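Number of protein chains: 2
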Amino acid sequence: MTRLRHYQQIHHTLKQEIQQGVYPTGSLLPSENELCATFQTTRMTVRQALNELVRDGFIERRHGKGSLVTSTRPSLGLLSFRGFSDVVGNTSHQVRTTFLNPPAPADWPAPFVYPLSADEQQAGCIAINRLRYADDVPVMLEHTFVPIQNATASLLTEPFLDGSLFRTLSVRHQIDIRNLEQSLRAVAARPEQATIFGCRRNTPLLYIERRYLTSLPDFYVYSLLYCHTEQYAISNIL
Amino acid sequence: MTRLRHYQQIHHTLKQEIQQGVYPTGSLLPSENELCATFQTTRMTVRQALNELVRDGFIERRHGKGSLVTSTRPSLGLLSFRGFSDVVGNTSHQVRTTFLNPPAPADWPAPFVYPLSADEQQAGCIAINRLRYADDVPVMLEHTFVPIQNATASLLTEPFLDGSLFRTLSVRHQIDIRNLEQSLRAVAARPEQATIFGCRRNTPLLYIERRYLTSLPDFYVYSLLYCHTEQYAISNIL
DNA sequence: AAGTGGTCTAGACCACGCC
DNA sequence: GCGTGGTCTAGACCACTTT
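These protein sequences, in sequence, are chains A and B.
Residue numbers for the first sequence follow my numbering, so the first one is 1 and each next one is one higher.
Residue numbers for the second sequence follow my numbering, so the first one is 239 and each next one is one higher.
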């Protein structure tokens with residue numbers, strides 16, 4: 001393990017403080033010069049840490065003003081995934097998530113859509129089945145598979161932070177989502193899916209296979225998503 | 239118009255040279271120190287230009303080696319096709335594009351899916367209707383609308399560079415795609431679409447509405463995409 | 001060993017926002 | 001006018017890759 005660079009230390013500290021509410025959404029971080037004094041370094045180093053926070057989607061920089069906190073949860077901006085609460089249309093929609101069953105250890109589905117490493121295969125996974133609502137209309141059925149590791153085992157016993165898997169992984173386990181690969185298709189609703197969404201059989205559904213890449217090498221999270229898009233489109237999935 | 243910063247000048251020069259083939263895919267850019275000498279500046283400034291090229295997706299930086307050219311065109315928002323037989327999506331498919339009719343001036347469809355400015359509304363648009371094939375199977379019907387401006391009028395008379403609209407805009411008119419907003423749905427194939435794709439009516443299609451944001455303020459490009467995903471899934475290139 | 005990019009210092013001046 | 005972030009200089013040492 002290579003030594004943590006100074007700017008990474010600063011980035012990590014500020015990220016945690018943002019996530020813990022020290023700097024709420026809409027507030028300003030300390031100025032670059034203040035941060036230089038705090039962390040005993042120069043602007044160049046502080047700026048590198050702040051640029052990382054921009055890339056993460058936590059802050060925006062305002063010339064002549066300061067670093068504005070725009071979000072207290074990770075969203076990686078352009079080359080990024082967006083959590084469901086950001087995905088559906090305008091943020092004015094009320095979003096709710098239910099668990100179809102509690103997160104439970106399971107075998108990997110066979111065959112699985114993504115190739116699995118021997119370690120993943122052997123360790124098994126935690127299966128998380130959730131149904132997302134927009135304005136109390138069921139719109140997304142999400143099957144998530146998290147490989148079982150030391151860090152992830154506690155997902156089985158402790159409730160998710162704010163009901164969010166990724167927020168829990170980030171805050172409690174320092175595992176951040178860095179990127180995703182996804183594959184998109186349109187499919188016809190199977191009977192059980194039609195029942196869940198309250199639509200006719202064979203209604204077109206948006207089907208998305210996702211592999212999330214994380215800050216932990218060789219640790220991936222997998223999701224299969226079925227979206228009922230007759231009333232709500234899915235936006236900004238990049 | 240504010241003066242072009244030095245690092246922007248360097249970024250622009252290198253980008254053009256990459257696009258023009260001076261540095262082909264797989265080659266290395268001059269080292270930071272060489273670029274410092276060439277552009278009469280310091281590493282800090284050169285590095286900022288190189289970081290922009292990384293963000294654009296043109297190069298990757300290799301510690302101890304150099305700046306590797308990974309692409310001669312910006313990949314933002316492009317879609318790739320992934321056959322069901324592909325294990326990891328590494329398999330590349332032969333992709334071909336045909337024009338259903340030549341690019342022609344047109345009125346905006348009414349109603350249009352995105353709100354238009356008064357300028358856009360009045361200027362009208364160039365309508366481009368293309369059909370994309372993967373391995374000679376028709377997989378994507380793309381309706382693109384480009385507002386008519388001084389810069390874009392020549393799209394009507396000159397053929398596209400490499401058949402690519404975005405490459406033409408970038409190389410010939412210095413208009414780069416910076417970002418996109420998109421909205422996704424699954425819809426049932428209409429009869430004329432079923433004919434084009436050679437599928438049954440009501441086959442589920444992936445429908446994508448896109449607004450591309452460009453380096454030109456208030457200049458957007460719009461696309462409506464219909465994708466037949468029974469044989470080929472759509473992957474986002476991030 | 002030599003060359004590359006990665007990190008970092010200690011300054012400087014400029015452009016923007018606010019009072 | 002003052003503080004902010006944006007740009008830039010001229011160095012330094014470190015870590016990685018190749019020879």
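Built from N, CA and C at the ideal position, the CB exists for glycine as well.
Being a predicted model, the structure only gives us computed values, none of them experimental.
_Considering only DSSP beta bridges, list what ASN101(A) is partnered with._
ASN129(A)
*Sorted by chain position, which residues of the same chain lie with C-beta nearer than 7 Å to ARG211(A)'s C-beta, five sequence neighbours on each side aside?*
TYR114, LEU180, GLU181, TYR220, TYR222
*Kindly indicate the opening and closing residues of the beta strand (DSSP E) around ALA424(B).*
415-426
*Any residues in the segment 201-213 of chain A with a beta carbon nearer than 7 Å to a beta carbon of chain B? Which ones, in chain order?*
PRO204, LEU205, LEU206
*Relative to chain A, which residues along the segment 291-310 of chain B have a C-beta separation below 7 Å, given in chain order?*
none
*Any beta-carbon of chain A closer than 8 Å to the one on VAL459(B)?*
no
*In chain order, what residues of the same chain lie with their CB nearer than 6 Å to the CB of SER467(B), ignoring the 5 residues before and after it?*
Position check: residue 467(B) holds Thr in this sequence, whereas Ser was assumed. Within the same chain, THR467(B) has close Cβ partners LEU444.
_For VAL146(A), three-class secondary structure by DSSP_ = strand
*Opening and closing residue of the beta strand (DSSP E) in which VAL284(B) lies*: Where VAL284(B) is concerned, there is no enclosing beta strand (DSSP E), although the alpha helix (DSSP H) it sits in stretches over 281-294.
*Contacts that GLN182(A) makes with chain B (C-beta to C-beta distance below 8 Å)*: SER473, ASN474
*Could you have a look at SER164(A) and say whether DSSP puts it in helix, strand or coil?*
coil
*Start and end residues, beta strand (DSSP E) containing GLU261(B)*: A small fix is needed here, since residue 261(B) is Tyr in this sequence, not Glu. Counting along the chain, TYR261(B) falls outside any beta strand (DSSP E), and DSSP gives it neither H nor E.
_With H, G and I counted as helix, E and B as strand and the rest as coil, what does DSSP make of LEU169(A)?_
helix
*With a cut-off of 8 Å, do at least 3 Cβ pairs link the segment 126-138 of chain A to the segment 98-108 of chain A?*
yes
*List the residues of chain A that ARG423(B) touches, going by C-beta distances under 7 Å, in chain order.*
LEU206, THR229, ALA233
*Please decide whether ALA188(A) counts as near chain B, where near means a Cβ-Cβ distance under 8 Å.*
yes
*Roughly how many angstroms lie between the CA atoms of THR214(A) and VAL146(A), to the nearest whole one?*
12 Å
*What are the residues that DSSP puts in a beta bridge with GLY66(A)?*
ARG62(A)
*Just checking, does the segment 302-312 of chain B make contact with the segment 262-275 of chain B on the three C-beta pairs under 8 Å criterion?*
yes
*Thinking just about the alpha-carbon of each residue, which of THR406(B), PRO376(B), TYR245(B), GLY295(B) is nearest to the one in CYS437(B)?*
PRO376(B)
_Does VAL292(B) pass the burial test, meaning 16 or more other C-beta atoms within 10 Å, or should it be called exposed?_
exposed
*Report, in whole angstroms, the separation of the C-beta atoms of ILE244(A) and PRO105(A), which I expect to be a contact under 8 Å.*
Residue coverage of chain A in this structure runs from 1 to 238, which leaves residue 244(A) outside it and unanswerable.
*asked:* Suppose the cutoff is 6 Å on Cβ atoms and the five residues either side in sequence are ignored; what does the same chain contact list for TYR371(B) look like?
replied: ARG334
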